[in-house]
Every structure is written in C-alpha cells, then in structure tokens.
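*Asks:*
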Amino acid sequence: MQLHSFSCSGRILTGRGCVCALRDMELGRTLIVTDPFFFKNGTAQALVSGTVEYFHKVAPDPDLSLAAEGTALVKSFQPDTVVALGGGSAMDCAKAMVYFSGTKARLIAIPTTSGSGSEVTDFAILTHEGVKHPLVDPRLRPDMAIVDPDLVDKLPPALIADGGFDALTHALEAFVATGSNPFTDALAADAFRTVLNHLPYSHQGNSDSRAAVHIAATMAGLAFTQAGLGLCHAMAHSLGGQFHLPHGRLNAILLPVMMTHCPSGRYATLARLTGLEGQSDTIAQRNLRAVLVRLRKGLGLPATLAQAGISPCQIHAKTSAIVTAALADPCCKTSPVPVTEAMVRKVLLEISGHG
Numbered sequence: 003m004q005l006h007s008f009s010c011s012g013r014i015l016t017g018r019g020c021v022c023a024l025r026d027m028e029l030g031r032t033l034i035v036t037d038p039f040f041f042k043n044g045t046a047q048a049l050v051s052g053t054v055e056y057f058h059k060v061a062p063d064p065d066l067s068l069a070a071e072g073t074a075l076v077k078s079f080q081p082d083t084v085v086a087l088g089g090g091s092a093m094d095c096a097k098a099m100v101y102f103s104g105t106k107a108r109l110i111a112i113p114t115t116s117g118s119g120s121e122v123t124d125f126a127i128l129t130h131e132g133v134k135h136p137l138v139d140p141r142l143r144p145d146m147a148i149v150d151p152d153l154v155d156k157l158p159p160a161l162i163a164d165g166g167f168d169a170l171t172h173a174l175e176a177f178v179a180t181g182s183n184p185f186t187d188a189l190a191a192d193a194f195r196t197v198l199n200h201l202p203y204s205h206q207g208n209s210d211s212r213a214a215v216h217i218a219a220t221m222a223g224l225a226f227t228q229a230g231l232g233l234c235h236a237m238a239h240s241l242g243g244q245f246h247l248p249h250g251r252l253n254a255i256l257l258p259v260m261m262t263h264c265p266s267g268r269y270a271t272l273a274r275l276t277g278l279e280g281q282s283d284t285i286a287q288r289n290l291r292a293v294l295v296r297l298r299k300g301l302g303l304p305a306t307l308a309q310a311g312i313s314p315c316q317i318h319a320k321t322s323a324i325v326t327a328a329l330a331d332p333c334c335k336t337s338p339v340p341v342t343e344a345m346v347r348k349v350l351l352e353i354s355g356h357g
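Per the working numbering: the sequence shown ends with 357, consecutive numbering throughout.
1. So, under 8 Å CB-CB, Ile127 and Asp94 are touching, yes? Tell me the CB distance rounded to an integer number of Å.
2. With respect to the alpha helix (DSSP H) encompassing Phe167, which residues constitute its N-terminal and C-terminal limits?
3. DSSP state of Asp124, grouped into three classes?
4. Return yes when the C-beta of Arg274 is under 6 Å from any heavy atom of the ligand GDP, and no when it is not.
5. Between which two residues does the beta strand (DSSP E) holding Ala111 run?
6. Measuring CB to CB, does Leu256 end up less than 7 Å from Val341?
7. One question on the structure: do Leu75 and His130 come within less than 7 Å of each other, judged by their Cβ atoms?
8. Which full runs of the alpha helix (DSSP H) of 4+ residues lie inside the segment 242 to 307, going along the chain?
9. Just verifying my parser: in three-state terms, what is the DSSP assignment at Phe57?
10. Do you know offhand how far Thr180's Cα is from His356's?
11. What runs of the alpha helix (DSSP H), each 4 residues or longer, lie entirely inside the segment 23 to 54?
12. Check the C-beta distance from Asp155 over to Arg212 and give it rounded, since I have them as a contact under 8 Å.
13. Does DSSP classify Lys134 as helix, strand or coil?
14. Inspect the CB distances between the segment 214 to 232 and the segment 176 to 191 and report whether three or more fall short of 8 Å.
15. The beta strand (DSSP E) spanning Gly89 covers which residue range?
16. Pull up the DSSP beta-bridge partners for Thr129, would you.
Rendered as structure tokens:
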C-alpha cells in the first residue's frame with residue numbers, strides 16, 4: 003500500500019485589493035517585516051493601524067545575522083501578529099524570526115513578487131558564509147497568505163521573468179518529485195500550465211496575466227512544499243549562495259539541463275497535460291524542454307552562467323563549494339533519480355557556457 007499525505011493548513015485570501023482585509027482583522031500588537039523599499043514608500047505603514055513595530059532591513063538573500071537581529075526584536079516587542087510584506091527574502095526572514103523566537107504569534111505573508119511561493123510553504127532560505135541553507139519545518143508555514151494581484155501590477159519585466167521561471171521550476175520539480183501525489187499533481191500541473199501560457203503576456207505588462215501568474219505561483223508553492231523539489235533547486239541554492247544571482251534566473255539556466263540529467267517519464271505526462279503532444283514520451287519530453295528554452299530566450303534570460311556574467315575563473319574557484327552545498331541540500335532527497343557528485347559536476351560544466 004502506498005500512503006500519500008496532503009496537509010490543508012493555512013488560509014489564503016486572493017482577489018484585487020484583498021490586502022485591505024488586514025484592516026478589518028483583530029491583529030493586536032503587530033510586527034511588519036519588510037525591505038527598505040516598502041517602508042520608504044509607505045506601503046508597509048498603510049497596511050494596519052494600532053500598535054505596530056517595523057523591521058525593515060530585509061535584503062536579498064537574508065543571512066543568519068539579519069534573522070538573529072529580527073528574532074531579538076520579536077522577543078522584545080512580543081507581537082500577537084507578524085506580517086511579512088515583500089518577495090521571498092522578506093517572507094523567509096519573517097518565517098525564521100518567528101521560528102527561532104519561539105513566539106506563538108500568528109504569521110501572515112503578503113507576497114509582492116510572483117515566484118517564491120514562500121507564503122504557503124514550510125521552507126525558509128537563509129545564507130551563511132556563502133552557503134544558502136534551506137530550513138524545512140511545518141512550523142515555518144504561515145497561518146495566512148494574502149495574494150493580492152494589485153501588488154504586482156507595477157513590477158519591472160526583469161522581476162516578472164525571474165519570478166515566473168521560479169514558479170515554473172517549482173511546479174515542474176514538484177510534479178516529478180518522489181513525494182508527489184494526486185493532490186500535489188493537480189496543483190503543480192495547473193500552475194505550470196498557467197505560468198507557461200501567461201508569463202510572456204505578464205512580462206509585457208498585461209494585468210490579467212500578472213494576476214494569473216501571481217495566483218499560480220502560490221499554487222506551485224502548495225505543491226512543492228508537500229511533494230518536494232530536486233536537483234535544479236539544490237544547485238540554484240548552491241550557486242546563489244556563491245554568486246548572488248537572482249534565484250529565478252538560476253532556475254532558468256538550470257531547468258532545461260536538469261531535465262536531461264534527471265530523467266523521469268513524468269516529464270512527458272506533464273508535457274501532455276500542458277498541451278504538448280509527442281508520438282513518444284521521448285518526443286513529448288523534448289518538446290517540453292524546447293518550449294522552456296524558447297520561453298527563456300523570449301524573456302531575455304541568460305542560458306548559461308557566462309551570459310549571466312560569471313567567469314570561468316569564478317566557477318573553477320568555487321566548484322568544490324558549489325558541489326558540496328548542492329549535495330547537502332534537502333531538495334536532493336526528493337529528486338526523481340538519486341543525485342550524485344558526477345551528476346552535479348556534469349550539470350555545472352554544461353551550464354557554465356565556457357569552453
């Protein structure tokens with residue numbers, strides 16, 4: 003007998019303007035965790051009234067020292083509610099602050115980018131000494147997610163492209179992960195199909211497509227937090243820790259290559275669910291990979307680390323650290339095939355773009 007598990011915890015609010023629902027909630031003492039941008043432009047201050055404190059130092063790839071500073075604030079302020087406003091970095095930092103402080107405060111996550119899915123996941127990523135450390139624990143999952151498409155209408159195209167490829171990767175890796183089940187499959191397949199169809203138009207500024215991708219990114223988060231991920235994310239974490247490239251951009255470089263080195267018959271299943279036909283599974287998988295490559299090019303994303311500005315010397319100097327971190331990443335545990343050192347090195351060589 004094969005046992006599947008799917009947890010239906012947390013509440014999700016969506017719809018244009020739904021962030022205003024915060025004003026009608028009994029939040030008590032509220033700590034808002036965000037980045038300097040949303041604090042300086044007043045977005046954070048407009049969320050709620052009452053007794054409010056702000057932690058607005060979040061930077062991309064938050065490190066352990068930042069999380070520790072925020073944790074100290076949680077302990078001293080003793081909030082009833084913690085609100086995370088921002089992209090994956092703000093949400094991950096807030097999740098870590100709540101987790102390490104041991105507070106019983108409710109956590110509400112408000113994503114302002116469409117990609118990480120952190121608003122509904124058991125994951126938080128912290129960086130320490132050039133290594134991204136994924137924390138995975140059910141206690142990291144927010145109590146509520148507020149997914150308001152209005153917050154992404156004015157994002158620049160580059161952020162739309164990076165976030166969109168992150169969401170695509172979440173959906174695809176969740177669909178083929180060893181922890182997948184019928185519930186995660188339904189979420190992953192629909193999220194993948196939606197992002198694939200709408201991301202080009204979202205990139206061009208279409209408001210309806212941006213709303214569709216924003217919701218689909220949350221659906222992909224629901225899928226991968228329970229199904230797992232794979233080699234693509236393990237290597238994106240290790241490369242991101244070393245070179246500080248945007249996470250979604252690294253996924254765009256890695257994903258088509260990863261499909262070659264982590265074979266699975268379920269790629270063909272996903273291709274057909276997406277509307278990509280093929281007389282054989284091999285052809286269907288090849289069509290899916292080709293679509294991802296064309297989308298990447300259309301979004302102006304790099305195909306290699308060289309195109310992303312990483313030199314051969316940089317890669318050579320960091321190869322050992324990259325491989326070690328990738329193999330230690332918990333995402334490898336749910337890869338459709340066992341991840342080996344040789345596999346990681348082959349992928350790294352292929353995506354380098356040099357030689």
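Just so you know, even glycine gets a beta-carbon here, dropped at the ideal spot from N, CA and C.
*Replies:* Once the coordinates are examined:
1. In the sequence shown, the residue the question calls residue 127 occupies position 125. In the sequence shown, the residue the question calls residue 94 occupies position 92. At roughly 5 Å, the Cβ-Cβ gap stays under 8 Å, so Ile127 and Asp94 are in contact.
2. The residue you call residue 167 lines up with position 165 of the sequence shown. 159 to 178 is the extent of the alpha helix (DSSP H) around Phe167.
3. The count along the sequence shown starts at 1 and reaches residue 124 at position 122. It is coil, neither helix nor strand.
4. By its list of ligands, the structure shown contains no ligand whatsoever, and the ligand GDP lies outside what it can speak to.
5. Here residue 111 corresponds to residue number 109 of the sequence shown, with the count starting at 1. 108 to 113 is the extent of the beta strand (DSSP E) around Ala111.
6. Reading the sequence shown from its first residue, position 254 is the one you call residue 256. Reading the sequence shown from its first residue, position 339 is the one you call residue 341. Taking 7 Å as the Cβ cut-off, Leu256 and Val341 do not qualify as a contacting pair.
7. Position 73 of the sequence shown, counted from the start, is the residue given in the question as residue 75. Position 128 of the sequence shown, counted from the start, is the residue given in the question as residue 130. For Leu75 and His130, no; Cβs fall outside 7 Å.
8. Whole alpha helix (DSSP H) segments, 4+ residues: 249 to 263, 268 to 275, 283 to 300.
9. Taking the first residue of the sequence shown as 1, we reach residue 57 at position 55. Judged by DSSP in its simplified three-state form, Phe57 adopts strand.
10. Within the sequence shown, the letter at position 178 stands for residue 180. Within the sequence shown, the letter at position 354 stands for residue 356. Taking the straight line joining both Cα atoms gives about 33 Å.
11. As far as the segment 23 to 54 is concerned, its whole alpha helix (DSSP H) runs of at least 4 residues are 38 to 42.
12. Locating residue 155 in the sequence shown gives position 153, where the first residue counts as 1. Locating residue 212 in the sequence shown gives position 210, where the first residue counts as 1. In this structure, Asp155 and Arg212 form a Cβ contact; the two beta carbons are roughly 6 Å apart against a cut-off of 8 Å.
13. Translated into the one-based positions of the sequence shown, residue 134 becomes position 132. Strand.
14. A contact exists between the segment 214 to 232 and the segment 176 to 191.
15. Looking up residue 89 in the sequence shown gives position 87. Counting along the chain, Gly89 falls outside any beta strand (DSSP E), and DSSP gives it neither H nor E.
16. Indexing the sequence shown from 1 puts residue 129 at position 127. Note: Thr129 sits in a beta bridge opposite Asp65, Lys134.
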